[in-house]
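Student:
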Amino acid sequence: MKKKNSLKIALTLVFAFSISTLSAQIYNADFSNDGDGFADHTSDLSPPVDAPASVGPFGSFGNQWSLSYTTTPSSDTSANSFKVDGGALVSDDWGGQGIFQSQNIDVSAITSVDISALSVNSGANENKFKYFYILDGGARVETADIPSADGDNVNYSILNLDVSGVNTLVVGFEFSENGGSQGYTTSSFTVTLPTPGITLSTASNNTKEDTTTATFTAVLNLEPTTDVVLNITSGDTGEVTVSPATLTFTNANWNTPQTITATGVDDALADGNVDVTITVAVDDASSDNAYAPVADVTTIVTNEDDDLPNIIINEILADPTGIDANGDGTIDTGDDEFVELVNLDITSHDLTGYTISDAGSVRYTFGAITIPAGGSVVIFGDGTPTGISGFADTAGTLSLNNGGDTVTLANSGATTIATYTYGSEANSAESIGRNDDLTGTFVKHSTISSNPVTASPGRYNSSNLPFSTLTWTGATDNSWTTGSNWSTGTAPTASDDVQILKTSNQPTVSTAVTVNSATINSGATLISTGTLSGTVTYNRALTNGSQWYYMSSPVIDENYNNTWVTNNAIPSSTQDVDNRGISWYDNSSSDTDSDGASTADSATGFWRYMEEGTSSPFAVGRGYGIIRSGAGNISFTGTGIYNSDQTFLLTQGVNNFNLIGNPFTAFITLGTFYTTNSANIDTDFYFWNGSSYTTKTSSADSAYEIAPGQGFFVEATSAANVTFEIADASHQSSDTFQKSTNTRPEIILTASQGNNERFARILYIDNTTKGYDAGYDGKLFGGVSYSFSLYSDLVESDGKKYQLQSLPNSNHENMVIPIGLIVDANKEISFSAEALNLPADINVYLEDRLTNTFTRLDEVNSTYKVTSDVALDGIGRFYLHTKNSSALSVDSLNMDNISIYKTTNSNLRIVGISQGKASIKLYSILGKQVLENSFTSNGVQDITLPALSPGIYIVQLETETGSLNKKITLE
303 MKKKNSLKIA LTLVFAFSIS TLSAQIYNAD FSNDGDGFAD HTSDLSPPVD APASVGPFGS
363 FGNQWSLSYT TTPSSDTSAN SFKVDGGALV SDDWGGQGIF QSQNIDVSAI TSVDISALSV
423 NSGANENKFK YFYILDGGAR VETADIPSAD GDNVNYSILN LDVSGVNTLV VGFEFSENGG
483 SQGYTTSSFT VTLPTPGITL STASNNTKED TTTATFTAVL NLEPTTDVVL NITSGDTGEV
543 TVSPATLTFT NANWNTPQTI TATGVDDALA DGNVDVTITV AVDDASSDNA YAPVADVTTI
603 VTNEDDDLPN IIINEILADP TGIDANGDGT IDTGDDEFVE LVNLDITSHD LTGYTISDAG
663 SVRYTFGAIT IPAGGSVVIF GDGTPTGISG FADTAGTLSL NNGGDTVTLA NSGATTIATY
723 TYGSEANSAE SIGRNDDLTG TFVKHSTISS NPVTASPGRY NSSNLPFSTL TWTGATDNSW
783 TTGSNWSTGT APTASDDVQI LKTSNQPTVS TAVTVNSATI NSGATLISTG TLSGTVTYNR
843 ALTNGSQWYY MSSPVIDENY NNTWVTNNAI PSSTQDVDNR GISWYDNSSS DTDSDGASTA
903 DSATGFWRYM EEGTSSPFAV GRGYGIIRSG AGNISFTGTG IYNSDQTFLL TQGVNNFNLI
963 GNPFTAFITL GTFYTTNSAN IDTDFYFWNG SSYTTKTSSA DSAYEIAPGQ GFFVEATSAA
1023 NVTFEIADAS HQSSDTFQKS TNTRPEIILT ASQGNNERFA RILYIDNTTK GYDAGYDGKL
1083 FGGVSYSFSL YSDLVESDGK KYQLQSLPNS NHENMVIPIG LIVDANKEIS FSAEALNLPA
1143 DINVYLEDRL TNTFTRLDEV NSTYKVTSDV ALDGIGRFYL HTKNSSALSV DSLNMDNISI
1203 YKTTNSNLRI VGISQGKASI KLYSILGKQV LENSFTSNGV QDITLPALSP GIYIVQLETE
1263 TGSLNKKITL E
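Just so we're aligned: the sequence shown equals residues 303 to 1273 in the numbering used here.
#1: Run through DSSP, which three-state label would residue 1018 get?
#2: Are the beta-carbon atoms of residue 1268 and residue 1254 separated by less than 8 Å?
#3: Relative to the alpha-carbon of residue 269, which residue among 491, 985, 872 has its alpha-carbon at the smallest distance?
#4: Could you check whether residue 1226 and residue 1213 sit closer than 8 Å to each other, using their CB atoms as the reference points?
#5: Report the residue from 677, 698, 502 whose alpha carbon sits nearest the alpha carbon of residue 667.
#6: Buried or exposed: residue 956, going by 16 or more other Cβ atoms within 10 Å of its Cβ?
#7: Would you report the Cα separation of residue 928 and residue 840, rounded to the nearest angstrom?
#8: When the distance is taken between beta carbons, is residue 645 closer than 8 Å to residue 611?
#9: Can you name, in chain order, every residue of its own chain whose Cβ lies under 6 Å from the Cβ of residue 664, other than the five neighbours on each side?
#10: On the criterion of 16 or more Cβ atoms from any shown chain inside 10 Å, does residue 1103 qualify as buried, or is it exposed?
#11: The alpha helix (DSSP H) with residue 865 in it runs from where to where?
#12: Identify every run of the beta strand (DSSP E) within the region 397–454, keeping only runs that are complete inside it and at least 3 residues long; order them along the chain.
#13: Ordered along the chain, which non-local residues of its own chain (more than five positions away) have a Cβ less than 6 Å from that of residue 537?
#14: Return helix, strand or coil for residue 1276, following the three-state DSSP convention.
#15: Give the secondary structure of residue 483 by DSSP, where H, G and I count as helix, E and B as strand, and everything else as coil.
#16: Mapping the DSSP letters down to three states, classify residue 667 as helix, strand or coil.
#17: Under 8 Å, do residue 488 and residue 583 count as touching if we go by C-beta distance?
#18: Out of 858, 954, 913, 962, which one is the CA nearest neighbour of residue 938?
#19: Less than 8 Å between C-beta atoms, sequence neighbours within five positions excluded: which residues of the same chain meet that for residue 429?
#20: Quickly, what does DSSP pair residue 391 with across the bridge? List them, please.
#21: Please classify residue 602: is it buried, with 16 or more other beta-carbons within 10 angstroms of its beta-carbon, or exposed?
#22: State the beta-bridge partners of residue 1028 as determined by DSSP.
#23: On a Cα-Cα basis, can you pick out the residue from 396, 472, 356 that is closest to residue 345?
#24: Counting beta carbon pairs with one atom in the region 560–570 and one in the region 464–482, are three or more of them shorter than 8 Å?
#25: Please name the residue in 1153, 1172, 1171 whose C-alpha comes closest to that of residue 1181.
#26: When the distance is taken between beta carbons, is residue 796 closer than 8 Å to residue 785?
#27: If contact is defined by three or more beta carbon pairs under 8 Å, each pair taking one atom from either stretch, is the region 1108–1115 in contact with the region 974–986?
#28: Using the Cα positions of residue 1060 and residue 1156, report the straight-line distance between them to the nearest angstrom.
#29: Is the distance from the Cβ of residue 524 to the Cβ of residue 496 below 8 Å?
#30: Could you tell me how far apart the beta carbons of residue 527 and residue 557 are, in whole angstroms, since I believe they sit closer than 8 Å?
#31: Give the C-beta separation of residue 678 and residue 643 to the nearest angstrom, bearing in mind that I take them to be a contact with Cβ-Cβ under 8 Å.
#32: By Cβ distance, which residues of its chain are closer than 6 Å to residue 704, with the 5 residues on each side in sequence left out?
#33: Say whether the region 882–893 touches the region 903–915, bearing in mind that this needs 3 or more beta-carbon pairs closer than 8 Å, one atom from each stretch.
#34: Could you tell me how far apart the beta carbons of residue 709 and residue 660 are, in whole angstroms, since I believe they sit closer than 8 Å?
#35: If you run the structure through DSSP and keep just helix, strand and coil, what is residue 960?
#36: Quick check on the DSSP output: the alpha helix (DSSP H) that includes residue 332 runs from which residue to which?
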């Protein structure tokens, strides 16, 4: 017998009721008994029976079938078979017609059925194979002959065949072949009740970002008894929208397809063609119960991109001298100039035919070059680019003009993709590049404090990392796991090295994530409420070298030691040569000069310094004074970042000031921090601005955002923990590290001594008073001594020094502010003022009561200069006035602006009297005079008190302009 080569045909007939019921088979052709069917025949031994002939039925009851033919098949000397073999109905070398037909299937109680078949061709070449069904003994309803080749499936499927009013159904197939080991194999033949379901057509076409639409249809598989409501949603509404949002099918229109329209959306991103999943889901609450279990169905709509690539010019070096920019070991003016391009899209772009030109002509035409997502291309003038990250090529000549030129990138159709015009800021000594990276304006490269080099082709301007580094762009939102927020369009994996740039959207980690390493660039922020595993480096760019900054480490497990000192260019002391420029504040005792020489062991006061060769961890929440040799980054590298509340233990000693710092790589709000810790700290916060302390207060500056790693002083009211809450961590649009902001009506009074400036702030805030307002009046920092400082006393004086004073935002003319100055003798001081948002008719004047002069300071370039032949340390000479000029005179000064207070129980101070004669009397509460004194005022007058019993006393002051009574208490 010839080797059998057969085609198996699997026919599955599926039938379903339009009621809530599980799918059920009502017929399944039984091919379980090998040999069922026609007996094998040959031409010489057992020729076929003359037509018409039939055999059967075969199989179990209810699943029976018969075989027949109406035309006698031919035969040859080999076996010709049409029978069950191996659980399938096989025709092999049959040589003619063969018909399979089921028994009569009872469908009298059924309204619809599904019919389905699967078949395999094993060498049949006549293409004469068809399926059919018969209703109530009528004519066949058959398919056309189904063409197929050896190994092809021959499938048959009818869904929801209407059999309402029909009693019997017969299903079958017929084939005709010429023998020669050709045939088919049928493995199954079933009829089932239809299952509730939804059928979607394919989309008519792609959508486009010019709002071109596409359509597809939805239809139910089974008649419902009540309405079925379908919800239609787009998986990406930024690419494709759909309408309508719902479809309703009834038992009258359930089998009529309804149309859904998809519309392309222009997302302004060159992100390539995007496949969008459209989901159609049953609204269970509004639909027939039979459809509740139906799974969602989907189709794909492709939205074609029409945006230009987002490729930028990021760095330019024109006609350089002294720079080996291309890394080939040779310095050449023409070879080393370059143009750097960066792809900001999350898809790559083919640059074939693109051009780079300047004002003169096209300088370079791209060949078959692809710029990857987030990647770079650098075109040099000439030479052999070596060690350049990303793609690098040479133009032969670029001939850029370092005195000014226009560089343009255009596509193959001459459409401008990017252009930049520069002037004389470009020079031969360095490149110009964007800062912030990718989005900022062009600056001279050496002015980028985090990477002050002459050029960085193929690398980020701010971090000097290659553009191949997976980089946060924040293009979509704040989520770390959103792929489109990253330069390559894919979120990081455990093996990735990533960097965080300063962008409009900064990342938040809310689940456990792992990277190989993460670098947080200066000015960028990162919030982690989950666990970020991997090596993390936080960079803070210091703009000015040889200047102290207050900082804290916002990473876990960083140490300061000789290696850290070297890596961060930390200098040594010029006096105590073992000391390094890392310090912390210890309020327990003040260090003195033990050797008296001010060299080997100079006095450091409350400051303690790292000594050469030592190693210690940066304490969480502690602030440190750090100085760097020149501009550049201070880098903290650790095993992660803090993702939970952190605490720091405050101490009380000789004074109660503590230098603490924000331990998070994100901002915290001053007001919230105070509210959390108000039981343990005073209302004043002290920030070092590079040359002096800026006082901020818990209420007046409650919205101030404390930068990541920012150090600052607080005064402890108890020796207890302060808590930094992770819930307070936030991203902000601007960096406040060692910066201040002005948001209210205020006066900033400045005193300048050479290059040194000191200032005092006066705020005008509703509901404050002329006396002390906790949270609004901030004292001058008391944790250090001063040789030069400026402050104010309260209008209703308490004898303390205030850098920040808040006053009512009304009645400005009647509030005169005592100004205190600490300065050495024979030093010229220049006063100036900035007035913000004051009433239009109010001017700012500085009164000098020693010279009896008033100087307006709120005009542009107006100053008052004075040199004192004696050292000054206190108030009484200078006063700040806010008045209309017509109302201002020495004689009109209000007696209410005179302050009387005790400095000790034996001294009474009178402040604010104009020059002239005055007298004072002191009475007990019972009216007994206990003191009388006369004096000539110079602004401040101290009166020695006799030994008096504790109690309340009345001060009566007489001056040439009036009298004043004040009450004081002696203890």
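Glycine included, C-beta positions come from ideal geometry on N, C-alpha and C. On a predicted model such as this, the values are computed, not experimentally measured, just so you know.
Tutor: Reading off the structure:
#1: strand
#2: In this structure, residue 1268 keeps its C-beta atom at 8 Å or more from the C-beta atom of residue 1254.
#3: This structure cannot settle anything about residue 269, because the visible part of the chain is limited to 303 through 1273.
#4: no
#5: 698
#6: exposed
#7: 15 Å
#8: yes
#9: 657
#10: Flag for residue 1103 reads buried.
#11: Residue 865 -> alpha helix (DSSP H) spans 864–869.
#12: 399–404, 414–423, 431–437
#13: 578, 579
#14: As displayed, the chain neither begins before 303 nor continues past 1273, which places residue 1276 out of reach and without an answer.
#15: coil
#16: strand
#17: no
#18: Among 858, 954, 913, 962, the Cα nearest to that of residue 938 is on 858.
#19: 447, 448, 449, 450
#20: 386, 488
#21: exposed
#22: DSSP lists no partner for residue 1028.
#23: 396
#24: no
#25: 1153
#26: no
#27: no
#28: Each residue's Cα considered, the two are about 21 Å apart.
#29: yes
#30: Rounded, the Cβ-Cβ distance is 14 Å, inconsistent with contact.
#31: 6 Å
#32: 620, 621, 728, 729, 730
#33: yes
#34: 6 Å
#35: strand
#36: No alpha helix (DSSP H) holds residue 332; DSSP gives it neither H nor E.
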